[in-house]
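Visitor: Take this structure, written in structure tokens, and hold onto it; I'll ask about it next.
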Amino acid sequence: MSLNNDLSNLFATMAAILEIKGEPVFKAIAFTKVSRWLKDSTLDLADLVATGKLADVEGIGPSSRRIIEEFIRTGSSSDFQELSKGVPAGVIGMLDIPSLGPKTISLLWKSRNITSVDELKSAIEKGELAGLKGIGEKKIAAIKEGIELRAKAGGRVGLPAALAAALPILEELGALPNVVEAKIAGSLRRFRETIGDVDLLCAAKPGADPQSIGRAVAAFPQVQKVLAQGVTKTSIVTFDGLQVDLRIVPPANFGAALLYFTGSKEHGVRLRSRAIDQGMTLNEWGIYRTSEYDKSAKKTGEAPSVKPLASRTEADVYKVLGLPYIEPELREDRGEIDAAAAGKLPKLVELAEIRGDLHCHTTASDGANSILEMAQAAREKGYQFLAITDHSKSSVIANGLTAERLLAHVKAIHKAAEQVKGLTLLAGCEVDILADGHLDFEAEVLAELDWVVASPHVALRQDRPKATDRILRAIESRYVNVIGHPTGRMIDQREGLPLDFARIFRAAAGSGTALEINGSYPRFDLNDVAARSAAEAGVMIAVDTDAHSVGGLEQMMFGVEVARRAWLTSGQIVNCMTPARLTQFISRKR
DNA sequence: GCCGTTTTCGGCCCGACTGTTTTCAGTCG
């Protein structure tokens with residue numbers, strides 16, 4: 008996996024250099040696509056190269072293939088060395104600064120010899136940017152602010168935090184007198200694991216001045232700063248440092264706008280190019296017959312004068328394109344448009360289909376609530392089963408249970424089960440997978456349990472063969488029902504184990520061992536891409552919260568969202584089984 | 001650089017906002 012990451016970064020850097028050098032943008036776009044594919048793919052690159060299957064991957068042509076093959080062979084790329092010759096590394100880092108793009112960076116570099124963010128900062132302070140063509144006072148101020156913003160925000164915020172910040176603003180927006188409808192769009196609507204900025208869309212009451220809505224939002228109590236304010240678009244920064252972009256459209260164009268601003272960018276590009284193939288033009292106002300659209304009058308901030316073929320709802324627009332409605336979680340240009348055209352979109356799992364949680368903690372280890380409290384909370388959520396899975400002895404910091412304490416705990420769970428009617432309470436354990444793949448308890452202890460989650464918690468920097476063997480060994484145990492957070496990655500904090508997924512998935516599918524989507528942020532592990540590959544390989548997926556309190560059970564919605572992004576249906580998820588089916592699933596392995 | 005049920009060459013998605021401009025380039029999503 009780190010090979011994929013390294014190569015992904017290599018291609019992203021090459022794209023950046025091409026942009027700054029002012030090469031035709033399409034080269035950079037092509038490399039960006041390769042970079043994205045490398046980051047997303049769980050396939051074994053070395054394997055693809057060896058079998059010649061790399062040539063089948065869409066978007067990877069002869070040049071990219073040559074670069075990848077050379078990199079695998081030698082660990083470096085002569086194309087990259089050639090391209091980056093004479094380009095200081097700091098120049099590329101300047102691309103991260105908002106309001107500073109490749110053209111300006113190139114200008115600063117060529118005319119003022121500015122080659123890093125630090126040099127840029129001191130040049131601004133000394134007033135050395137004055138007199139450059141196309142750069143005035145305001146532009147310089149914008150660059151200065153961009154540098155500060157970058158230093159403070161550090162980029163993206165986690166999904167749960169972004170959602171928590173966005174919902175109150177959405178509510179205030181929806182309550183404005185001139186707003187007919189308001190929705191979250193962008194990556195937040197697609198439930199990406201991290202969010203760059205929040206996109207909101209609203210429909211203005213016909214006849215109302217759209218700009219008045221933008222002004223009202225700019226005056227919301229959360230607003231720290233207004234970045235831009237036009238007729239149909241307002242951008243603000245909240246006191247949390249989160250950027251929120253609002254677009255205002257007429258109700259008749261709401262669907263087209265929602266489709267446009269939900270993205271992803273790549274999904275949108277594909278839809279628009281599909282429209283072109285069919286003699287149509289798709290934009291945020293609607294989908295139009297190109298012959299009519301080209302003749303129509305257009306004015307910034309207003310719908311084109313010609314009548315669209317569709318625009319009111321997203322489904323209407325998809326239909327004109329000959330496609331069924333595509334759920335936002337699938338709109339990542341990962342084959343969803345081809346699947347839609349072929350009538351092969353999955354019926355995505357829904358939160359209401361989840362019948363229980365199979366990974367949670369109590370006061371016996373590091374949780375905040377008792378067995379009974381957790382069980383009652385699960386019952387109140389309408390669950391039919393719940394597995395109590397406290398930590399094993401090696402997790403000392405988490406007050407992990409010794410064999411003795413665990414066996415007493417099992418009895419306590421069975422006793423609590425009698426007090427909560429209508430809920431199957433499973434006595435389980437989250438057993439550490441030790442560095443060598445041994446489990447933290449002997450078989451005779453595990454045999455006393457109804458449900459076993461085996462998870463890696465330590466030694467998360469192992470190399471690929473070691474890490475893979477370790478997890479494979481756990482999968483082989485007849486008592487292990489699911490591997491919890493299989494890679495141990497933490498978003499933005501640590502990479503996790505570089506597993507050979509192909510081998511893991513084969514073993515898990517063959518043995519009837521589930522793999523977990525852990526719905527607690529920043530785990531989300533397996534992630535969407537890996538979970539999708541796993542399910543395609545026939546692996547059953549468990550969607551769990553890893554709740555450490557009653558409130559933690561609510562994280563199930565995030566786990567389900569990862570599952571939806573992984574194209575999963577209820578039939579591929581252990582938590583959607585009836586209690587009777589679940590019992591069968593467990594006994595089949597033993 | 002990649003791609004091809006009209007193409008092996010000639011295309012490659014689209015609009016809003018800002019700033020520095022007198023008609024447009026750069027940036028962003």
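Going by this note's numbering, the first sequence opens with residue 8, and the numbers climb by one from there. Backbone N, C-alpha and C fix where the C-beta goes; we use that ideal spot for every residue, glycine too.
Look at the alpha carbon of LYS146 and the alpha carbon of GLU152, and state the distance between them as a whole number of angstroms.
Guide: Reading the first sequence from its first residue, position 139 is the one you call residue 146. Reading the first sequence from its first residue, position 145 is the one you call residue 152. LYS146 and GLU152: Cα-Cα distance of roughly 10 Å.
Visitor: Would LEU379 pass as a contact of ALA385 if the rule is Cβ separation under 7 Å?
Guide: Walking along the first sequence from the start, residue 379 turns up at place 372. Walking along the first sequence from the start, residue 385 turns up at place 378. No, they are not a contact pair.
Visitor: Could you have a look at PHE246 and say whether DSSP puts it in helix, strand or coil?
Guide: Translated into the one-based positions of the first sequence, residue 246 becomes position 239. If DSSP states are grouped into helix, strand and coil, PHE246 belongs with coil.
Visitor: Any idea what DSSP makes of ILE511, helix, strand or coil?
Guide: Taking the first sequence and counting its residues from 1, one reaches residue 511 at position 504. ILE511 falls in the helix class under three-state DSSP.
Visitor: Tell me whether the beta-carbon of PHE18 lies closer than 7 Å to the beta-carbon of PHE33.
Guide: For the purposes of this step, residue 18 is identified with residue 11 of the first sequence, where counting begins at 1. For the purposes of this step, residue 33 is identified with residue 26 of the first sequence, where counting begins at 1. No; because the gap between Cβ atoms is not below 7 Å, this pair is not in contact.
Visitor: Quick check on DSSP: helix, strand or coil for VAL238?
Guide: Start at 1 with the first residue of the first sequence, and residue 238 comes out as number 231. Here VAL238 sits in coil by DSSP.
Visitor: Is GLU437 buried or exposed, if buried means 16 or more other CB atoms sit within 10 Å of its CB?
Guide: Working through the first sequence from its first residue, we reach residue 437 at position 430. Buried, because 16 or more other Cβ atoms sit within 10 Å of the Cβ of GLU437.
Visitor: Straight-line CA distance for ILE255 to VAL205?
Guide: Taking the first residue of the first sequence as 1, we reach residue 255 at position 248. Taking the first residue of the first sequence as 1, we reach residue 205 at position 198. When rounded, the distance between both Cα atoms is 14 Å.
Visitor: Suppose only complete runs of 3+ residues qualify. What are the beta strand (DSSP E) ranges in the segment 465–531, listed by chain order?
Guide: Entirely contained in the segment 465–531, the beta strand (DSSP E) runs reaching 3 residues are, in chain order, 521–525.
Visitor: Closest by CA to GLU179, which one among VAL224, ILE154, VAL187?
Guide: Mapped onto the first sequence, residue 179 falls at position 172. Here the closest residue by C-alpha is VAL224.
Visitor: Rounded to a whole number of angstroms, what is the C-alpha to C-alpha distance between ALA171 and VAL41?
Guide: The count along the first sequence starts at 1 and reaches residue 171 at position 164. The count along the first sequence starts at 1 and reaches residue 41 at position 34. Roughly 34 Å separates the two Cα atoms.
Visitor: Throw me the rounded Cβ distance for the VAL238 and PRO217 pair, which I believe falls under 8 Å.
Guide: As a position in the first sequence, residue 238 is number 231, starting the count at 1. As a position in the first sequence, residue 217 is number 210, starting the count at 1. Going by Cβ atoms, the distance from VAL238 to PRO217 rounds to 6 Å, so yes, they are a contact pair.
Visitor: For GLU89, does the three-state DSSP call read helix, strand or coil?
Guide: Here residue 89 is taken as the residue at index 82 of the first sequence, counted from 1. The answer is helix: DSSP assigns GLU89 an H, G or I state.
Visitor: In whole angstroms, what is the alpha-carbon distance linking GLU26 and ARG196?
Guide: For this step, residue 26 is matched to residue 19 along the first sequence. For this step, residue 196 is matched to residue 189 along the first sequence. Looking at the two C-alpha atoms, the distance is approximately 30 Å.
Visitor: Reducing DSSP to helix, strand and coil, say where MET547 ends up.
Guide: On the first sequence, residue 547 is found 540 positions in, with the first residue counted as 1. Coil.
Visitor: Answer with buried or exposed for ALA137, where buried requires no fewer than 16 other C-beta atoms within 10 angstroms of its C-beta.
Guide: The residue labelled residue 137 in the question sits at position 130 within the first sequence. It counts as exposed.
Visitor: Between the beta-carbon of VAL186 and the beta-carbon of CYS209, is there less than 7 Å?
Guide: As a working note, residue 186 is residue 179 in the first sequence. As a working note, residue 209 is residue 202 in the first sequence. Taking 7 Å as the Cβ cut-off, VAL186 and CYS209 qualify as a contacting pair.
Visitor: Can you list, in chain order, the residues of its chain with a C-beta nearer than 6 Å to that of ARG480? Leave out the 5 residues immediately preceding and following it.
Guide: Numbered from its first residue, the first sequence carries residue 480 at position 473. GLY444, listed in sequence order.
Visitor: What's the gap between the Cα of VAL325 and the Cα of ALA282?
Guide: Counting from one through the first sequence, the residue named residue 325 turns up at place 318. Counting from one through the first sequence, the residue named residue 282 turns up at place 275. Looking at the sequence provided, one finds Tyr at residue 325 rather than Val. The alpha-carbon atoms of TYR325 and ALA282 are separated by roughly 10 Å.
Visitor: Have a look at the DSSP bridge pairing and note the partners of VAL460.
Guide: Residue numbering aside, residue 460 sits at position 453 when the first sequence is read from its first letter. DSSP lists GLU437, VAL489 as partners of VAL460.
Visitor: Taking only runs of the alpha helix (DSSP H) that begin and end inside the segment 62–150, which ones reach a length of at least 4 residues, in chain order?
Guide: Taking only runs of at least 4 residues, the alpha helix (DSSP H) segments lying wholly in the segment 62–150 are 69–81, 85–91, 96–100, 109–119, 124–132.
Visitor: How big is the Cα-Cα spacing for LYS400 and TRP458?
Guide: Position 393 of the first sequence, counted from the start, is the residue given in the question as residue 400. Position 451 of the first sequence, counted from the start, is the residue given in the question as residue 458. Looking at the two C-alpha atoms, the distance is approximately 17 Å.
Visitor: Using a Cβ distance threshold of 8 Å, determine whether the segment 68–86 contacts the segment 125–145, with at least three qualifying pairs required.
Guide: Flag = no, the segment 68–86 and the segment 125–145 do not touch.
Visitor: Under 7 Å, do HIS464 and ASP439 count as touching if we go by C-beta distance?
Guide: As a working note, residue 464 is residue 457 in the first sequence. As a working note, residue 439 is residue 432 in the first sequence. Their beta carbons are under 7 Å apart, which means HIS464 touches ASP439 by this criterion.
Visitor: Determine which residues share a DSSP beta bridge with LYS232 and list them.
Guide: Residue 232 sits at position 225 when you count from the first residue of the first sequence. DSSP, once it has assigned bridges, lists VAL244 as partnering LYS232.
Visitor: Determine, using beta carbons only, whether ARG485 and ARG341 come nearer to each other than 7 Å.
Guide: Translated into the one-based positions of the first sequence, residue 485 becomes position 478. Translated into the one-based positions of the first sequence, residue 341 becomes position 334. No.
Visitor: For PHE33, which beta-bridge partners are listed by DSSP?
Guide: Reading the first sequence from its first residue, position 26 is the one you call residue 33. Paired residues: none, contrary to the question.
Visitor: Could you give the DSSP three-state label for LEU253: helix, strand or coil?
Guide: Numbered from its first residue, the first sequence carries residue 253 at position 246. LEU253 falls in the strand class under three-state DSSP.
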